[in-house]
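J.: Going from the sequence shown to this note's numbering is simple: count from 1 and add 6. Just so it is clear, CB atoms sit at the ideal spot from N, CA and C, and this is done for glycine as well.
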Amino acid sequence: MIYLDTSAAVPMFVPEPASPAIEAWFKSCAEPLVSSDWMMTEFSSALSIKVRKGEISARQAQAAWKDFDAFCKSGLRLLPVSRKAFAEAAAMVRNAASGLRSGDALHLAMALEAGASEMATADETLAKNAKEKGLALSRIT
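1. Counting beta carbon pairs with one atom in the region 26 to 38 and one in the region 56 to 73, are three or more of them shorter than 8 Å?
2. Relative to the alpha-carbon of Ser108, which residue among Phe49, Glu94, Ala142 has its alpha-carbon at the smallest distance?
3. Quick check: what's the CA-CA separation for Ala126 versus Ala136?
4. Assuming Met116 contacts Tyr9 under a Cβ cut-off of 8 Å, what Cβ separation, rounded to an integer in Å, is found between them?
5. In terms of alpha-carbon separation, which member of Glu124, His113, Ser80, Val16 lies closest to Ser51?
6. What residue does the alpha helix (DSSP H) around Val16 start on, and which one ends it?
7. For Ala24, which residues of its own chain have a beta-carbon under 7 Å away from its beta-carbon, when the five flanking residues on both sides are left out?
8. Counting C-beta neighbours from all protein chains within 10 Å, is the total for Thr12 16 or more, i.e. buried, or is it exposed?
9. May I have the straight-line CA-CA distance separating Phe74 from Lys56, to the nearest angstrom?
10. Hey, Ser42 and Leu85: beta-carbon distance below 7 Å or not?
11. Give me the Cβ distance between Glu144 and Trp44, rounded to the nearest whole Å; I'm assuming they're in contact under 8 Å.
12. Using a 10 Å radius around the Cβ and a threshold of 16 neighbouring Cβ atoms, would you call Ala122 buried or exposed?
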C-alpha cells in the first residue's frame with residue numbers, strides 16, 4: 007500500500023513541472039493508494055493558493071477539485087485522522103532537526119499508522135523523514 011502525500015497529488019490535477027512524472031508514476035502504479043482526510047484540506051488550500059497567485063483561474067480550481075473528488079471516490083482510500091496520529095505528528099515536529107511542518111508530519115504519522123510500505127511525495131523533507139522511518143519512496147519530481 008502506498009500513502010499519497012498532497013504534494014504528489016496536486017500535480018495530477020493542476021499543471022506543474024512534476025505533472026508528467028506523477029502521471030507516468032500513477033499509470034504504472036499497481037499498489038493500492040491511501041491518504042488521510044487531511045489531504046482534502048491541504049488540496050483545497052493548494053488550489054486556493056494557486057488562484058491567489060494567479061497560477062490558475064477559479065474555474066480551473068473548481069475543475070481540479072471536481073476531478074480530485076472523483077479520484078477520491080474511485081481510486082484513493084481516505085483514512086480518518088486519529089488522535090494517535092496527531093500525537094505522533096506533534097512528537098515529530100518537536101524534533102526541530104526533522105524540518106517537518108505540521109501537515110507533513112501528520113501525513114507521515116498516518117502513513118505509519120496505516121501500515122503503508124511506501125510514501126509518494128514531491129516534498130524533499132517529507133521524503134527524508136519517511137525514509138528514516140523505514141518507508142520506501144516514490145519521489146515525484
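T.: Inspection of the coordinates gives the following:
1. In short, these stretches do not touch, since the Cβ pair count stays below three.
2. It is Glu94 whose Cα lies nearest to the Cα of Ser108.
3. One C-alpha to the other measures close to 10 Å.
4. Contact check for Met116 and Tyr9: beta-carbon distance about 7 Å, within the 8 Å limit, so the pair qualifies.
5. Ranked by Cα distance from Ser51, the first of Glu124, His113, Ser80, Val16 is Val16.
6. Val16: member of the alpha helix (DSSP H) spanning 12 to 19, first to last residue.
7. Closer than 7 Å at Cβ, skipping near neighbours: Pro17, Ala128, Ile146, Thr147.
8. It counts as buried.
9. Distance between Phe74 and Lys56, taken at the CA atoms: about 15 Å.
10. In this structure, Leu85 lies closer than 7 Å to Ser42 by Cβ.
11. For the record, residue 144 in the displayed sequence is Ser; it is not Glu. Incorrect: roughly 19 Å between the Cβ atoms, too far for contact.
12. Per the 10 Å Cβ criterion, buried.
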